[in-house]
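The structure under discussion appears below in the form of structure tokens.
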Amino acid sequence: MSYMSSNKESERYLIDKIHFSLLSPIEIRKMAKVTVVRPEIYEADGTPVSGGVRDSHFGAIEPGERCPVCGNTREDCPGHFGKIDLARPVLLPHLGDKINVILQSTCRNCGRILLPDEKITYYTNIYLKLKEKWPVLAETFADEVAKQTSSVSECPHCGYKQYKLKFIKPFTFYEVRPEGEIRLTPSEIRERLERVQDKDIVVLGVDPKAARPEWMVLTVLPVPPLSVRPSITMESGMRAEDDLTHALVEIVRQNERLKNFLSSNAPESMVEEAWQTLQNVIAAYIDNELPNIYQLSHRGRKQLKTIAQRLKGKEGRLRGNLNGKRVNFSARTVISPDPYISIDEVGVPEEIAKILTLPIVVTPYNIEEARKYVLNGPYNWPGAMFVYKSRQNMKIDLRYQRNYRQLAESLEVGDIVERHLLNGDIVLFNRQPSLHRMSIMAHKVRVMPGRTFRLNLLDCAPYNADFDGDEMNLHVPRLEEARAEAEELMLVEKQILSPRYGGPIIGGRQDYISGSYLLTVKTNLLTKEQVSLLLAAANYKGKMPEPAIIKPQPLWTGKQLVSLFLPKGLSFEGRAKINAGELKCDNERCFFDSYTIISNGRLLMGVFDKNAIGAEQPENVLHYITLEYGPDKAREFLDNVFRMFIRMLEIKGFSISLKEVEITKEAKDKIKIMVEQAKNEIQEIINNYKEGNLEVIPGRTAEESLELKIIQRLQKLRDDAGKLAISYMDPFNNAFIMARTGARGSDINITQMAAMLGQQTVRGKRISRGFRTRTLPQFKPGDLSPEARGFIISNFRLGLKPYEVFFHAAGGREGLVDTAVKTSQSGYMQRRLINALQDLYVSYDGTVRDSVGNIVQFKYGEDGVDPMLTYHGKAVNIDRIIQKAKGE
């Protein structure tokens, strides 16, 4: 389909499809500009050998050199192919399976398909119809036709007897005859393939115009131009040749050796060996990682990178240079936290802002602004790096200009100024690995001093970033359209809700949750000075609210301050994260402040913790603000209120001491009694097992039942000891606040610090491997007791015994190994899924289609609902609608 031009000479077309085909020997010879016959590369004087793999007819690659074929220098010479005339035919290794199918399906005498003519015609018509509409089905159909010929023992056309073939990859064929297995040479295979008729092979999935069967057996090898395999000059002045050149030299050497054997009537065994070597070398030249072949390598034994290695894999041409590539107008550095910039912003070092530029077209409205940038020059921010003079068609680099004023005054409408990045410019920010949509988002620039990117801590969740040395990439969209798209589709505030589970992925974590709890808990009362500091941190511009307590001094609650930023009309009701254990309550009559109620934009009771403002918590306050008031309001809330939470921590302080996880002597004594009781019960279980009296769990062996019963009892011991220890601790100390509010850690962590670590497991079982029949030399052989199999009675506060350290390390190592192994496995699975699903899209008629237009779903997800805008997967929240209708 042509477009944009009616002139035949400059007419352009849209590419509809690409068809790959085999080169015929005639085409190879026609395009070859040189025949390679010599294995030497250079003459004694350093010039390329004529008729060698570096012959000048392959194209110009040296500075100033002119190509003897096209007459161009290296900038314009595309490079030219050569050829190697092979002494004997050689099979293409990757087409062994196809050659096998054709040989098995055709007569060894006449070359016809081993089916009657009427069936061939019938199947060919079906195949052509399938190929037109469903190419994948056509391939499957061709395979089924080939299977029908496998049982034919006599050719229906010439009556010749047929023998089975045995194919050993990559290129060895045997014919199974009554007298034994006879190896077929490439020459014999080529002769058979030449006899196959064009009208027959179509039904086997071969297009005779694109690939005659005999073309799968090489008689002439194309040699690629030098532009594909250039040589480099090292610092020592020595030349280093490309791996493909080394492989081609070996092919020429083996080909000439075979020619010499044939011309000198050498013994057949020597000819066979040389022929096989040539076959191996050509196979390695195409793919140096094929099984059952001799691999080409340098003298230092380093394996050569040949054609397949250049194309496939992560570093290959497709994935390494086309799907993923290095780009200009980008920056990369370490990230640092900054809770006082907006979630939409990224702090960009001034040094980077002066190198990355944006083009602005000079108009009557911005010419004075553009002149200021030029006057500042390239080294003073905000300045400019380049000026494009449209009238003179000239680019001026300001780094090599002295008179900035003269250049600024010469600016005209239509010129282009490449200015530095400014505050508010839209950029793309990315952290690898890019696993989901929110791994690359649009931010607004805030130019700052320093040498690191500054990132709001709330943005860590979507990027999966932390600040232990992580680096991130920044990309500058150059076109107005690109910047507009980025701002409308990719801006951080538009990504607050995750399309994975319909909840806020951007929200409170760690310090934010601790700070929000300390601010909103009912025991917290604030002075006027503290209120002023908190409201200033939140950029509050309104009047200070009336104090909750007037005498003996004015005091405010944190709930009052948070209510200033909640949207009018917002209602919310639910249990806080701390609503568990001894702090549990189910309604508004909650003494512990663990039931949260917001009515008409006012926080009436309860605290803000993970359940109210936490990241990845669906149907919380953040979720409702974003869904019901829009992402802009949600960004304001996140920017302002969350700064207040951080400032609250700065005012109050938040730290943990060892004393917070210390328990009384009474609690320790009770835990000792619990341990002894559990040991006795476990010893009784072990005795029953040894005596054969153990009650076996259905579906388990006696040994498995023993292990399961011991693990269950030890698990109960740890849980009971933990509950006991926690009951003796202050439920409002900082360690508890962290764990109970969901900021960090859990009751299990407190148990391990105060009571005991409990059973260490490897692959879900007690630790068993070790020194012969025991885990460690400290224990008796065959000891089944808890301590001998990885149960740790000690806690972190008092420290572990030496043998307990080994068990703890074994349990911890499992996590490290799993992380390493599962990362690669899940990464590969994701890549396969992306490749399979990447062409699916929601069409304008609401259907899900692929790139060809085939309908995959009549409605996206069968309901047409965007997961990002759901209530944790539910399209409609009836309770929420009723609540809003009642005005609650």
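Residue numbers (UniProt numbering): 1 to 888.
Even glycine gets a Cβ: it sits at the ideal position worked out from N, Cα and C.
Treat the numbers as computed from the prediction; the structure is a model and nothing was measured.
- The region 670 to 688 and the region 720 to 727 touch, with three or more beta-carbon pairs separated by less than 8 Å.
- For the pair Glu65 and Phe81, the Cα-to-Cα distance works out to about 18 Å.
- Lys577: not part of any alpha helix (DSSP H); DSSP gives it neither H nor E.
- Between Ile343 and Glu546 the beta-carbon gap is near 31 Å, outside 8 Å, which marks them as no contact.
- The criterion of a C-beta distance shorter than 7 Å is satisfied by Ala461 and Ala615.
- Contact between the region 477 to 496 and the region 504 to 523 is present: three or more C-beta pairs spanning the two stretches fall below 8 Å.
- For the set Thr775, Val101, Gly782 and Ile793, the Cα lying nearest the Cα of Met753 is the one of Ile793.
- Secondary structure at Trp556: strand, using DSSP grouped into helix, strand and coil.
- Collapsing the DSSP output to three states places Asn611 in a helix.
- DSSP lists Met394 as the bridge partner or partners of Lys389.
- A residue is called buried when at least 16 other Cβ atoms come within 10 angstroms of its Cβ; Gln760 meets this threshold and is buried.
- If the five residues before and after Leu474 are omitted, its C-beta is found closer than 6 Å to the C-beta atoms of Ala331, Val427 and Phe429, all from its own chain and listed in chain order.
- Per DSSP, reduced to three states, the secondary structure at Glu154 is strand.
- Residue environment analysis places Arg769 among the exposed positions, since fewer than 16 neighbouring C-beta atoms fall within 10 angstroms of its C-beta.
- When only Cα atoms are considered, Glu118 and Ala138 end up about 19 Å apart.
- Assignment of Tyr841 by DSSP, reduced to helix, strand and coil, places it in the strand class.
- Around the Cβ of Ser824, a 10 Å sphere holds fewer than 16 other Cβ atoms; the residue is exposed.
- The shortest C-alpha to C-alpha distance from Ser187 to any of Pro224, Arg239, Gln276 and Ile113 is the one to Gln276.
- Arg190 and Arg212 have their alpha carbons spaced roughly 11 Å apart.
- It is roughly 21 Å from the alpha-carbon of Asn749 to the alpha-carbon of Asp818.
- Under the three-state reduction of DSSP, Met605 is assigned to strand.
- Here the alpha carbon of Val36 sits roughly 16 Å from the alpha carbon of Thr47.
- Taking 4 residues as the shortest admissible run, the region 22 to 56 contains the following complete alpha helix (DSSP H) segments, listed from N- to C-terminal end: 25 to 31.
- The three-state secondary structure of Phe791, taken from DSSP, is strand.
- The C-beta distance from Leu411 to Val362 rounds to 6 Å, short enough to fall under 8 Å.
- Here Leu356 is buried. Its C-beta has 16 or more other C-beta atoms within 10 Å.
- With respect to the 7 Å criterion, Ala308 and Pro93 are not classified as neighbours on the basis of their beta carbons.
- Separation of Val865 and Ala875 (C-alpha to C-alpha, rounded to the nearest whole angstrom) is 7 Å.
- Within the DSSP secondary-structure output, Lys444 pairs in a beta bridge with Glu345 and Ile426.
- For Met472, the beta-bridge partners assigned by DSSP are Thr333.
- The shortest C-alpha to C-alpha distance from Ala370 to any of Ala266, Val417, Tyr340 and Pro339 is the one to Val417.
- Within the region 606 to 680, the complete alpha helix (DSSP H) runs of at least 4 residues fall at 610 to 613, 621 to 629 and 631 to 652.
- Around the beta carbon of Gly742, 16 or more other beta carbons sit within 10 angstroms, so the residue counts as buried.
- The residue from Glu132, Pro178, Lys129 and Leu103 with its alpha-carbon nearest to that of Ser150 is Leu103.
- When the beta-carbon positions are compared, Phe791 and Leu714 come within less than 7 Å of each other.
- Our two residues, Val661 and Leu757, have alpha carbons roughly 14 Å apart in a direct line.
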